[in-house]
Structures are given as C-alpha cells and as structure tokens.
Ligand SMILES: Cc1cc2nc3c(=O)[nH]c(=O)nc-3n(C[C@H](O)[C@H](O)[C@H](O)COP(=O)(O)OP(=O)(O)OC[C@H]3O[C@@H](n4cnc5c(N)ncnc54)[C@H](O)[C@@H]3O)c2cc1C
C-alpha cells in the first residue's frame, strides 16, 4: 500500500474463510473489523483435511505454528468397502512436502479455528466483534456501510470493502446482483469420533491405521477415516444419499439410512462403523459457482458463501483459504483500484473453483460406482504407480497464489 492511511475492510463471518481473510488483509496493511454472529468464535464439526494448497497459505500467515494436534498422514489409501482390498495409495507425509512444498495435514476443526483466532487476536490491525450479525449493507460514495446488530442494537460500520464469509446459508449473498441461492445436493454427511484406544478404535486400526487417511468405497456410501489430535482420536465421515431439514449438525437423527447404506460394506467394517455411535448428520447444500460473487462498489463473497461444494474432493475450506488470500493480494496490489481488483478476483478464481467442483463430481461418480464402472475404476487405479497417482493432484495441491 502507499503512504495514505490504511483502508478498512469489513469481514462478515469468522469461520475458516473469514478469519483467513482478516489475516490476509491485515498482513497486507489493511485495518480489519470482523463480525461473527455467534457469541463465541467456535468451529462446528470435527475433522478437516488440509491439503498443501491451503497449508502453504496458512503457513505464510503464521497459523501452522499455532496449530496444535495436527497429524501429517503418511498416505491416502482407497479400499473397496466390500472386499476391503486396497485399490490405491497416494503417498503423503514427507512425499507431500517434497512434491508440493507444503504439508498435507488432518486437524480438528476446533484446533484450526483456535490457531486462526490466536493469530487474528494478536494482530494489531484486526478487531473482532463476536455476537454481532451483519444484518444489511448499503453502498456509499466511498465504499460500503454494514449494519452491525448486537443485542438488538444496530450500528453502522464503514469500509472500503465488505468480505462476506458468511457460509453456505449466506444472508449477504443477496446483495450481489443476480446471485444464486444454495440448493440441496441430496447428499448427507455423517460424522462420528472414536477414541483410538477404545474397543472400536482398536478394532478399526488394522483396517484404517491411525497414520493415514483411509477411504472405503461402495455404491451406497463412502466412509473416510483419519486421525485427529496427535492420533488419539479417529474421525469418521460417511457420505450417503439423503436430505434433512436441519442446517446444523443434528445428533437426534434416525441413523437408519446410514446403517442400510453400510450393508454393502464387509461385515467387520459395517459393525465397527455401527459401534462408532453417536453419529451426527449434516445435509450437504451447494452454491452454483457460476453465479456472480462481487459488487464493484465494495462487496466480495468468499468460501461457501460464493461457491459451497460437496465434500467429495475435501476442498471447501481450502478454496475459502485460497479465495481470501487472492482477494487480499489483489486489493492491495491493484493499480486501477478496487473495482478492477474485484473483477480480477472473479476472473482468476472461477476457473479453478469450477475445476475443483468437477473433480468432486468425478470422485462422487467413481467412488460410489458399481458393476462394470467399479471394475474399470479398480483396474485403472491398480495399474497406476503411487507417483502417477500423486501427479494427478499437482494442479490442485501444487497451486501457488499469485504474488
Ligand atoms: C462433511 C464435511 C466435510 C468437509 N471436509 C472438508 C475437508 O476435509 N477439507 C476442506 O477443505 N473442506 C472440507 N469441508 C468444507 C468446509 O467445511 C467448508 O467449505 C468451510 O468450512 C467453509 O468455510 P466458510 O468460512 O466459507 O463458512 P463457514 O464455516 O460456514 O463460516 C461462516 C461463518 O459466518 C457466520 N455468519 C453467518 N452469517 C453471518 C452474519 N450475517 N454476520 C456475521 N456472521 C455471520 C457463521 O456463524 C459462521 O461462523 C467439509 C464440509 C463438510 C460438510
């Protein structure tokens, strides 16, 4: 930035996308006011996979240094859920660091959130406003004004840009002209946590060792198992068909659909997955990535607010982190002002987001395949060396932000 006073950026939502945006703008010399409607800054859910394209940015922001309990798994292993046969092994660990120059990590969301929050809280350029909802915005001559609502009282906050990081059910998306609503994808995510040293954890260890990410594939569901908190806990995520109304992780839910889907698994795996109770469920909603994400007068959507995607490529948070960094770099460096930075943000990010969404759809198709398609998948995977399988991810994990 030049010698003029720092411009203020308003951020709505202190999830992974919002906190990364706050840090990315602050390290580029902006002042940041970040509003979170929840009274406490907390992450929902359990585990998250952080691929090198995301950890490269988090490392640059100092977040990895503050992240406790993360595990660098040795590999991602795909297994047939019925035969339990290994179909593919993508080396991670040291191999990921060497190939993509950043670690592949799995972490508890609460630990990631705490690390982001620790860095944001100690940055003098960032002010955090918990329990405050951005209820509306208006555009003014020199930027944007947000109506911040706390305890029934409303205040105006002014800035050069409002970054809407308010998630898949974004209320601020409507302020971008001809934006699109989120839609149900007909997929349910189920989650459970198992102590590694519990009977279920010990029985699961030979099938899904706690030093790797294991995905069990079957037509009715796939189940991903990975370690959290230094390997003391296993995170189980299953994706099945289904819909539920709740917009949050629901524990009081009938697990019948999950148990029926698990009948396609080998008995030993289905029994273990059942023993992992309680399961919580989350309906997956998505946002069409082709909708507009910005208003040139000073509004930009990032992360799920812009383009929520299914978790088949485990990239939603990584894309929110990439969005946040790219937007801050462009806003800081654009010689033609903010409107052109916002136009470039959409132009740069959209092709990549589309490609990641396509990758998720491809994973969905092949991981849940049956009959001849599953046979062909297994043949192709078994014919590929681990190095060739890793090379398939170079475009995704090897991505580097401009600037
Ligand atoms: C089952 C499952 C597994 C997944 N696994 C992975 C994975 O392994 N790797 C990966 O990269 N991604 C994964 N994802 C995707 C990832 O969780 C999301 O893409 C990511 O959390 C989105 O972050 P966000 O900051 O955009 O939104 P959110 O995390 O939804 O944050 C939005 C925040 O905004 C706040 N808010 C909302 N409205 C307002 C308002 N008006 N004013 C102020 N605050 C507001 C909310 O309270 C919330 O804190 C997974 C998703 C699911 C469902």
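Residue numbers (my numbering): 27 to 429. Here a beta-carbon is modelled for each residue, glycine too, at the ideal position from N, C-alpha and C. None of the values given here were measured: they were computed from a predicted structure.
Problem set entry | Selection from 351, 401, 315, 62 that minimises the alpha carbon distance to residue 367 | Of the candidates 351, 401, 315, 62, 351 places its Cα closest to the Cα of residue 367.
For this session: Can you say whether residue 416 is buried or exposed, counting buried as having 16 or more other CB atoms within 10 angstroms of its CB?
Result: Answer is buried; the Cβ neighbour count reaches 16.
Exercise. Hey, would you say the C-beta of residue 308 is under 7 Å away from at least one heavy atom of ligand 1?
Worked result: At least one heavy atom of ligand 1 lies closer than 7 Å to the C-beta of residue 308.
Exercise. Using the C-alpha atoms, what's the distance from residue 220 back to residue 288?
Worked result: Cα-Cα distance, rounded: 17 Å.
For this session: Report yes if the C-beta of residue 93 is less than 7 Å from at least one heavy atom of ligand 1; otherwise report no.
Result: Ligand 1 never approaches residue 93 closely enough for any of its heavy atoms to be under 7 Å from the residue's Cβ.
For this session: Please state if the CB of residue 249 and the CB of residue 230 are separated by a distance shorter than 8 Å.
Result: It is not a contact, given that the beta carbons lie outside the stated cut-off.
Exercise. How far does the alpha helix (DSSP H) with residue 423 in it reach, from first residue to last?
Worked result: For residue 423, the enclosing alpha helix (DSSP H) has its first and last residue at 420-423.
Exercise. Cβ of residue 115 less than 8 Å from any chain D Cβ?
Worked result: The chain labelled as chain D is not found in the depicted structure, where only one protein chain is given.
Problem set entry | residue 379 CB to nearest heavy atom of ligand 1 below 7 Å | Result no, Cβ not under 7 Å from ligand 1.
For this session: Counting only the same chain and skipping the five closest in sequence on each side, list residues whose C-beta sits under 7 Å from that of residue 194.
Result: Once the five neighbours on either side are set aside, the close Cβ partners of residue 194 are 208, 311, 313, 330, 334.
Exercise. Can at least three beta-carbon pairs, one atom from the stretch 87-97 and one from the stretch 131-143, be found at a separation below 8 Å?
Worked result: They touch, by the three-pair rule.
Problem set entry | Any non-hydrogen atom of ligand 1 closer than 7 Å to residue 279 Cβ | The closest heavy atom of ligand 1 lies 7 Å or more from the beta carbon of residue 279.
For this session: Specify the secondary structure class of residue 52 as computed by DSSP and reduced to three states.
Result: Three-state result, residue 52: helix.
Exercise. Whose C-beta lies closer than 6 Å to the C-beta of residue 153 among residues of the same chain, with five residues either side of it excluded?
Worked result: Excluding residues within five positions, the ones whose Cβ falls inside 6 Å are 59.
Exercise. Is residue 83 near ligand 1, in the sense that its beta carbon is under 7 Å from a heavy atom of that ligand?
Worked result: The answer is no for residue 83.
Problem set entry | First through last residue of the beta strand (DSSP E) which encompasses residue 345 | Where residue 345 is concerned, there is no enclosing beta strand (DSSP E), although the alpha helix (DSSP H) it sits in stretches over 342-359.
For this session: Determine the contact status of residue 239 and residue 75, defining contact as a CB-CB distance below 8 Å.
Result: The Cβ atoms of residue 239 and residue 75 lie closer than 8 Å to each other.
Exercise. Roughly how many angstroms separate the alpha carbons of residue 109 and residue 405, rounded to a whole number?
Worked result: Approximately 15 Å, taken between the alpha carbons.
Problem set entry | Close-in-space but distant-in-sequence residues of the same chain around residue 365 (CB under 7 Å, 5 per side omitted) | The residues are 322.
For this session: Go through its chain and collect everything with a Cβ distance to residue 202's Cβ below 7 Å, but skip five positions before and after it.
Result: Once the five neighbours on either side are set aside, the close Cβ partners of residue 202 are 318, 319, 320, 321, 325, 327.
Exercise. Of the choices 42, 359, 370, whose alpha-carbon is the least far from that of residue 133?
Worked result: Closest by alpha carbon: 42.
Exercise. Going by C-alpha distance, which of 165, 197, 103 is nearest residue 242?
Worked result: Looking at the Cα atoms, 103 is the closest of the given residues.
For this session: Classify residue 27 as helix, strand or coil using the three-state DSSP reduction.
Result: Because residue 27 carries a pLDDT of 44, less than 50, the predicted location of this residue cannot be relied on, and the following value inherits that uncertainty. Here residue 27 sits in coil by DSSP.
Problem set entry | heavy atom of ligand 1 below 7 Å from residue 99 C-beta | Flag unset: Cβ of residue 99 not near ligand 1.
Exercise. From what residue to what residue does the alpha helix (DSSP H) around residue 379 run?
Worked result: Following the DSSP letters along the chain, one finds residue 379 inside the alpha helix (DSSP H) bounded by residues 364-393.
Problem set entry | First through last residue of the beta strand (DSSP E) which encompasses residue 113 | For residue 113, the uninterrupted beta strand (DSSP E) segment begins and ends at 112-117.
Exercise. Are residue 254 and residue 299 touching if we call contact CB-CB under 8 Å?
Worked result: Not closer than 8 Å, so no.
Exercise. Buried or exposed: residue 414, going by 16 or more other Cβ atoms within 10 Å of its Cβ?
Worked result: Its Cβ having fewer than 16 others within 10 Å, residue 414 is exposed.
Problem set entry | Nearest-angstrom Cβ-Cβ length linking residue 53 and residue 87, presumed shorter than 8 Å | Beta-carbon to beta-carbon, residue 53 and residue 87 are separated by about 7 Å, close enough to satisfy the 8 Å threshold.
Exercise. If you measure from the CB of residue 193, is any heavy atom of ligand 1 nearer than 7 Å?
Worked result: For ligand 1, at least one heavy atom lies less than 7 Å from the Cβ of residue 193.
Exercise. Under 7 Å from any heavy atom of ligand 1, does the C-beta of residue 160 make it?
Worked result: Residue 160 Cβ: within cutoff of ligand 1.
For this session: Could you check the C-alpha separation between residue 106 and residue 403 for me, to the nearest Å?
Result: It is roughly 11 Å from the alpha-carbon of residue 106 to the alpha-carbon of residue 403.
Exercise. Does the beta-carbon of residue 412 have 16 or more other beta-carbons within 10 angstroms, so that it is buried, or is it exposed?
Worked result: Classification for residue 412: exposed.
Exercise. What residue from 40, 359, 33 has the CA that sits closest to residue 158's CA?
Worked result: Among 40, 359, 33, the Cα nearest to that of residue 158 is on 40.
For this session: Could you tell me the distance, in whole angstroms, from the CA atom of residue 167 to the CA atom of residue 184?
Result: Spanning the two alpha carbons is a distance of roughly 11 Å.
Problem set entry | Cut-off 7 Å between Cβ atoms - residues of its own chain near residue 145, not counting five sequence neighbours on either side | Counting only Cβ-Cβ distances below 7 Å, and skipping sequence neighbours, we find 49, 87, 88, 89, 92.
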